[in-house]
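If you use the numbering used here, the sequence shown corresponds to residues 848 to 978, in order. Glycine included, each C-beta is placed from N, C-alpha and C at the ideal position. Read through the structure below, which is laid out as C-alpha cells, and then see the notes.
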Amino acid sequence: MKDYAYYLDKAKEVQGFKYDKQIDQALGFKGAMACMLSKNKNTISEEKMIELAKLGNQNHLIALIDHKIMATNGVTNNAYTSMRKTLSKSLQTLCAVALVGMASMPSEAQAKINESGNIHNNSDIIYYHII
C-alpha cells in the first residue's frame with residue numbers, strides 16, 4: 848500500500864512542483880492540506896484522490912484502493928488490501944502480455960537493395976521481428 852506522502856511526492860515529481868502549496872492549488876485546496884496529508888493528519892475525498900493520482904501519473908484505480916485502505920481498519924481493511932494485491936498482479940500480467948505481444952508482431956520496413964547491396968528506393972517490403 849502507498850500512503851498520501853507517496854502520491855504527493857509523485858505528483859510533485861511529475862508536475863515539477865517544489866512546494867506543497869503548488870499541490871494544494873492544483874487540487875483546489877485552501878490552506879495546507881498537502882502538508883496535513885503527508886503527515887497523515889487529514890484525509891481527502893475519493894474524487895481528490897483520483898486527481899492526486901493522475902497528477903503523479905499513477906494508476907487511479909490502485910490509488911483509490913489505497914485511499915480506502917488508509918481510511919479503514921479490521922476486516923474491511925483486509926478486504927481492500929486483498930483487492931489491491933489482486934489488481935496489482937492483474938495489471939502486471941496484462942502489461943507483460945502486451946509487451947510480449949507487441950515484440951512478436953512483425954513490422955514493415957520498405958527498401959530496395961540494388962546489386963551492390965545498397966538501398967536504392969522504397970519499393971520492396973522487408974519484414975523483421977524485434978528480438
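Go to Asn924, then tell me how far its alpha helix (DSSP H) extends in each direction, as first and last residue. In the sequence shown, residue 924 corresponds to position 77, counting from 1. Unbroken alpha helix (DSSP H) run through Asn924: Gly921 to Ser951.
Under 8 Å between C-beta atoms of Leu874 and Leu899: Within the sequence shown, residue 874 is the residue found at index 27, counting from 1. Within the sequence shown, residue 899 is the residue found at index 52, counting from 1. Cβ atoms of Leu874 and Leu899: closer than 8 Å.
What did DSSP end up calling Met848 once you bin it into helix, strand or coil? What you label residue 848 is simply residue 1 of the sequence shown in a count that begins at 1. In this structure, Met848 counts as coil in the three-state DSSP scheme.
With Gly903 and Lys865 assumed to form a contact (beta carbons below 8 Å), what rounded beta-carbon distance in angstroms separates them? Taking the sequence shown and counting its residues from 1, the one referred to as residue 903 is at position 56. Taking the sequence shown and counting its residues from 1, the one referred to as residue 865 is at position 18. At roughly 15 Å, the Cβ-Cβ gap does not stay under 8 Å, so Gly903 and Lys865 are not in contact.
Distance, Cα to Cα, Leu946 vs Leu908? The residue you call residue 946 lines up with position 99 of the sequence shown. The residue you call residue 908 lines up with position 61 of the sequence shown. Those two C-alpha atoms are separated by around 21 Å.
Looking at Asn889 and Met880, is the spacing between their C-beta atoms short of 8 Å? Against the sequence shown, residue 880 aligns to sequence position 33. Against the sequence shown, residue 889 aligns to sequence position 42. Going by C-beta atoms, Met880 is nearer than 8 Å to Asn889.
Keeping to the same chain, check which residues put their C-beta closer than 8 Å to that of Gln869; ignore five residues upstream and five downstream. Reading the sequence shown from its first residue, position 22 is the one you call residue 869. The residues are Lys859 and Gln862.
Buried versus exposed call for Gln939 [16 or more other C-beta atoms within 10 Å across all chains shown]: Along the sequence shown, read from residue 1 onward, the residue named residue 939 stands at position 92. Around the beta carbon of Gln939, fewer than 16 other beta carbons sit within 10 angstroms, so the residue counts as exposed.
Check each candidate in Ser892, Gln905 and Ser937 and name the one with the smallest Cα separation from Lys915. Translated into the one-based positions of the sequence shown, residue 915 becomes position 68. Minimum Cα distance to Lys915 is reached at Ser892.
Under 8 Å between C-beta atoms, does Lys915 make it to chain D? Any reference to chain D falls outside this structure, which holds one protein chain only.
With a threshold of 8 Å on Cβ separation, who are the neighbours of Asp871 within its own chain once the five nearest residues in sequence on each side are excluded? Within the sequence shown, residue 871 is the residue found at index 24, counting from 1. Taken in chain order, the residues that qualify are Lys877, Gly878, Ala879, Met880 and Ala881.
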